[in-house]
Structures are given as C-alpha cells and as structure tokens.
Amino acid sequence: MTDTLVRITGLSVDLPDAGTPVRVLDDVSFDIPAGTTVGLIGETGSGKTMTAMAIIGLLPEGAAVSGSIMFGDTDLVHCDDARLRALRRDELSMIFQDPLSSLNPTQRIGRQVGEVLRRSGLPRAEVQERVIDMLDRVGIPDPAGRARDYPHEFSGGLRQRAMIAMAMIARPSLVLADEPTTALDVTVQARVLSLLRKLQVEEGSAMLLVSHDLRVMSHVAQDLVVLYAGRVAERGTASAVLHRPAHPYTRALVRSVPAIRTKTAIADPLPGTSASPAQRPSGCAFHPRCPLATDRCHTETPALREVAPGRWSACHYAEKVLS
Ligand code: SF4
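Numbering-wise (this note's numbering), the sequence shown opens with residue 72 and increments by one.
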C-alpha cells in the first residue's frame, strides 16, 4: 500500500473580484500518494492551476483559503511563511508552463538551476558538480558549457529541460507540473514528458500534473482528479476514469478525444461552454451541458461520494453512468 504524501480536504478558495468574493475552488478533496503521478484535468477556469498554487502557497494576494492541505504533519494552508519557504527549498517544486517567464533572463542557466542547493548551504564545488550532472541527465548537450549560457540562448525545448533540472535538482518529494509541455512543439512534448516521468521515478518523487490534455494524462498519470467549475467531478485510477467514467462530464471529455475512445476514432466535441466560477449554475454546475440532467440537477448540488471501490463521483446518477 502506498503512503499518502499529501491529503487535501475540503479546500475552498475565494478570490476578491470587484468587492465580491468569487469561489474558484469549492470543497476540493483528494490525496497524492508518495511516488505516484496524480493528474488534475479540466477545462480552462476549472481550478487546476489554483489547486497547484494553493499547495505551493502562491495564491494571489487577498485569497481566502479554508480546508486543509496536509503534507506529513504540516498543514500548508495554515503554516507560517518560514516553514513554507523551507518546504519549497527542500520538498516541493514547481514546473511552469512558460519557462521564459519563470527563468531570470539576466542569470546564467547553471546559476539558476543550482540556486536551491546554494540556499541549502551546499559547498560551491558540490553545487557545480550537481548542476552539471542534472543538466546532463535532462539531456542538455555540453552541460558544463551550456550552464554558462543565458535563457535566451536556449531553444524552447532546452529551456523547459532546464526548468525540469531546476525542479528536480533538490530531489523534491512533490513536483507540481502546470501544463509543462503545452508551450512546446508537438514533437518535443512527448520527449520532455517522458524525461520528466523518468526523473520522477528515479528520484522517487510524486507529481501533480496539471493538464487539459487527456492524451498526456493517459500516458503519465496513475490517478486522475477531474475538476469542473472549481469542484471535483470525479476521481479514481486513471485507467478506470478514462475507460469507464462515472460522471457525464468525464464521459464527454473522453469522447472529445479520438485516441481515448475505444469504439470509434471520431471525436464528439464537448457541448456548450465551461461554467465560470463567477457565474456557477445552481445545483450541479454541469447541468446546462449534461444530457442526463433532471429537475433535481437544477437545484440540488451533488455531493462527491464513493460510487464503486476507489471511484468517487459528484453526480446524482453516477451508478447509471457507470452501468
Ligand atoms: Fe448531469 Fe445531473 Fe449528474 Fe450533474 S448531477 S452530471 S446534471 S446527471
């Protein structure tokens, strides 16, 4: 049995918006087991990135957070800044979608990759050695020479590799990867993903992979959490969720991607547009787009419940969807 590394319980986030708080995450609960990859999937505005930001303590100013994010004995929602900084140095790291906006343009790549080790007090020679080794492991040619380059001297693919090196060099327990390959050329995406997965396995880290791309998830994630309008629609093992969805939203997502479908190669586009957290429909937020919606769905918010062993769904009619 795998140990739980992170346990998120009842996480809600309200952001100020012209004086009226908007609930962007509502009662989100799921676990990240140690050493595994959990995929967080949903459309734009579903709360994927907000969840990752809540874990790493980088929510926008003015955010009101409730619930808990237990990382071992530490509740990341309520711990002080010093503890959070120490955890970000030693245990948690993040890979962002756009490496150019995350890398400092005025600092050499090697310095940025080694920064976290320098801050932990490692001798300079050892930092240098670990940086070159890590740049080599992420497939950057001539690592000693390229460590002296600036970010603008790297291609997009190499910059993302440098970001991965930066995230993995301190051997974190948890890597948060927010759409890590979206900004890359399709041919580079698969290589960068498999590199990330390889390093994660070698270092024994867990990963929370944020993506809107079900194909990426089907290759990388062991567990899936499906978000819709800031709430968990469904969660379970990736293979169960993708092959036998327990929520009409997941079913529609799967049907919108030809490669995921088992019976036909024709995609059905997702109907309607995603619900904005600022104008969340009453009852089940998916009801305006759901082919199974009844009067009950317009008024009663479905609770997330276990509908089969290890399968959780927030649909009044999950059993019917599963059957
Ligand atoms: Fe559809 Fe109703 Fe289930 Fe929501 S609760 S997903 S509207 S059937």
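Where is the CB? At the ideal position from N, CA and C, for every residue including glycine.
Might you give, ordered along the chain, the residues of its own chain that have their beta carbon closer than 7 Å to the beta carbon of residue 382, omitting 5 neighbours on each side? 307, 311, 317
Take residue 348 as the anchor and find which of 121, 341, 324 has the nearest alpha-carbon. 121
Let me check you understand the geometry: is the CB of residue 223 closer than 7 Å to at least one non-hydrogen atom of the ligand SF4? no
Cross-strand partners of residue 142 (DSSP beta bridge): 77, 145
Return yes when at least one heavy atom of the ligand SF4 lies under 7 Å from the C-beta of residue 329, else no. no
Whole beta strand (DSSP E) runs in the segment 234-317 with 3 or more residues, listed along the chain? 245-249, 277-282, 294-299, 302-308
Going by alpha carbons, who is nearest to residue 95 out of 171, 119, 140, 157? 119
Output the boundary residues of the beta strand (DSSP E) element that contains residue 94. 91-104
Taking the alpha carbon of residue 173 as the reference point, which residue from 251, 192, 130, 115 has its own alpha carbon closest? 251
Within a Cβ cutoff of 8 Å, which residues of the same chain sit near residue 264, ignoring the five residues on either side of it in sequence? 251, 252, 287, 290, 291
On the three-state DSSP scale, how would you describe residue 151? coil
Terminal residues of the alpha helix (DSSP H) in which residue 186 lies: 180-190
Which residues in the same chain have their Cβ closer than 6 Å to the Cβ of residue 124, if we skip the five residues on either side of it in sequence? 130
Run through DSSP, which three-state label would residue 371 get? coil
Check whether the Cβ atoms of residue 282 and residue 110 lie closer than 8 Å to each other. yes
Helix, strand or coil: which one does DSSP assign to residue 122? helix
Would you say residue 267 and residue 235 are within 8 Å of each other, going by their C-beta atoms? yes
Return yes when at least one heavy atom of the ligand SF4 lies under 7 Å from the C-beta of residue 318, else no. yes
Same chain only: Cβ atoms within 8 Å of residue 195, ignoring 5 sequence neighbours per side: 189
By DSSP, does residue 228 sit in helix, in strand, or in coil? helix
So does the segment 136-146 actually touch the segment 319-326, counting three or more Cβ pairs closer than 8 Å? no
If you follow the beta strand (DSSP E) that residue 163 is part of, which residue opens it and which one closes it? 163-166
CA-to-CA distance, residue 159 to residue 229, given in whole angstroms: 24 Å
According to DSSP, which residues form a beta bridge with residue 66? Outside the displayed span of the chain (72 to 394) sits residue 66, for which this structure offers no information.
When DSSP builds the beta bridges, which residues end up paired with residue 108? 278
Would residue 271 and residue 75 qualify as a contact pair, given that the criterion is a beta-carbon distance under 8 Å? no
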